[in-house]
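When you number the sequence shown by this note's numbering, it's gap-free, plus one each residue, and the end is 1152. Beta carbons are placed, not taken as given, at the ideal position from N, Cα and C, and that holds for glycine.
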Amino acid sequence: HGVINFLLETDGEIIKKATPDVGYLHRGIEKISEIVGYVGTMPYTDRVDYLGAMFTNHGWALAIEKLAGIEVPRRAEFCRVIASELNRIASHLVATGSLAMDLGAFTPFIHWLREREKINDIMERICGARLTYNYMRFGGVSRDIDADTIDMIRRWLDHFEPMMTEFDRLITGNEIFVRRLSGIAVITPQDAIAYGLVGPNLRATGIDWDVRRHEPYSIYNEFDWEVVLGRGVHGPVGDAFDRYDCRLREIRESVKILRQACDRIPAGEARSKTAKIKPAPNETYARVEGPRGECGFYVVSDGTEKPYRSRFRTGSFTAMTIIEHLSPGLMIADLVALIGSLDVIAPEIDR
């Protein structure tokens, strides 16, 4: 999973300064893309965010489709949304469950792992993989989602929604859990923007920004769902509990999108026929709303089968930058709550 090192200056149990020391997992994926080409880079994007690989797949596909002028069939767009929202739920299950475990509550995490395994079973039917999917293709997806899999998703959603109430009963209202998170590491809207936060970390401060809604891509603008914002459940808006609460409520919105997508998926092809990917000299930027927020892909083409330059922007890297600002005055134990509430993962920081 990788290593993140934090250098702490403390006065007893109170933190004076916490400095993230990153770079232990840098693999040079952006440089590798210049060697293996547009098509060969797709499996590498899985490794940028291994908990949200469908989104990094999707972002890379969007960027190259913009560069090469490739059209995506309508059924393929539905396949992409279904796969992505299943992946968003799986990622948020790990984020919220492991936060509870980091603070000492082990049982809720086991409940979420059980549900995530069922999502993994569905993903295996969809694309043959359970973690690093390599599902997206330029012009569509690697294979169609059949009717049996759609029914399997519907049955799982019927089972999963009551489980969310069960998870709330286990941990969300737990007095110790609430006290460990409420009022801790409050992020103001101004600081969220200044430090470049994205995703649930940004929306928990009350800022209404979701790429799916405000810069629509794929077919997200055709579905009925809400952008989840921080609401100050047990303390100020933008505290650690709000970040947890936003992710939990986002799961419910993903369930809404999945039900609509399963009901309305049209007939047709799951992938358009494409010639050799060799875009004219140009540059483009494409972004998607991943579990950890905006994931952006900047690609420069020089007219060959390989990008002249590619650059990936990830939510975890920007989230790390605010830790030094938030840490003074926290207890050492609260730093665990802060890092867990930001939902950072090492591969996305270093790439």
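- Put simply, of H1126, P1129 and T1119 the residue whose alpha carbon is nearest the alpha carbon of R1152 is T1119.
- For L971, the closest alpha carbon among the candidates L958, M902 and I1008 is that of M902.
- S1055 and D969 have their C-alpha atoms some 17 angstroms from each other.
- If you keep only unbroken alpha helix (DSSP H) runs of at least 4 residues inside the stretch 1032 to 1074, you get 1041 to 1065.
- Of I833, H1015 and D850, the smallest CA-CA separation from V1145 is found for D850.
- Contact annotation: the stretch 1123 to 1138 touches the stretch 814 to 821, with at least three C-beta pairs closer than 8 angstroms.
- Per DSSP, the unbroken alpha helix (DSSP H) holding G898 starts and ends at R875 to D903.
- With a threshold of 16 other beta carbon atoms within 10 Å, P1080 meets it and is buried.
- Distance from the CA atom of S943 to the CA atom of V840, rounded to whole angstroms, is 12 angstroms.
- By a beta-carbon distance limit of 8 angstroms, C1063 contacts I883. Their separation comes to about 7 angstroms.
- Secondary structure at A869: helix, using DSSP grouped into helix, strand and coil.
- If you compare the alpha carbons of T1105, D945, H827 and R1013 with that of E1095, the shortest gap goes to R1013.
- As for any alpha helix (DSSP H) of minimum length 4 sitting wholly inside the stretch 962 to 1029, the runs are 976 to 982, 990 to 995, 1000 to 1004 and 1012 to 1015, ordered along the chain.
- Counting only residues of its own chain and dropping the five nearest sequence neighbours on each side, H893 has a CB closer than 7 angstroms to the CB of R1048, E1051, I1052 and P1092.
- The continuous alpha helix (DSSP H) containing Y839 extends over residues I830 to T846.
- Per DSSP, N935 lies in no alpha helix (DSSP H) and is assigned neither H nor E.
- Burial check for F939: the Cβ neighbour count within 10 Å reaches 16 or more, so the residue is buried.
- For S1102, the closest C-alpha among the options F856, R1032 and I865 is that of I865.
- In the three-state reduction of the DSSP assignment, F807 falls in the strand class, which pools E and B.
- Looking from the CA of G1069, the closest CA among H859, R956, G1104 and R875 belongs to R875.
- Spatial neighbours of V1137 in its own chain (CB-CB distance under 8 angstroms, excluding positions within 5 residues in sequence) are listed in chain order as D903 and L904.
- Distance from the CA of V1038 to the CA of L982, rounded to the nearest whole angstrom, comes to 12 angstroms.
- Cβ-Cβ distances below 7 angstroms link V1029 to R1004, C1047, R1050, E1051 and E1054 in the same chain, with the five nearest sequence neighbours on each side left out; the list follows chain order.
- For S1142, the enclosing alpha helix (DSSP H) starts and ends at I1133 to L1143.
- The beta carbons of T950 and I923 sit closer together than 8 angstroms.
- Rounded to whole angstroms, the separation of the alpha carbons of G838 and L1131 is 46 angstroms.
- Linking A854 to Y934 through their CA atoms gives a straight-line distance of about 6 angstroms.
- Taken through DSSP and simplified to helix, strand or coil, E1090 comes out as strand.
- Per DSSP, reduced to three states, the secondary structure at P1080 is coil, with no helix or strand assignment.
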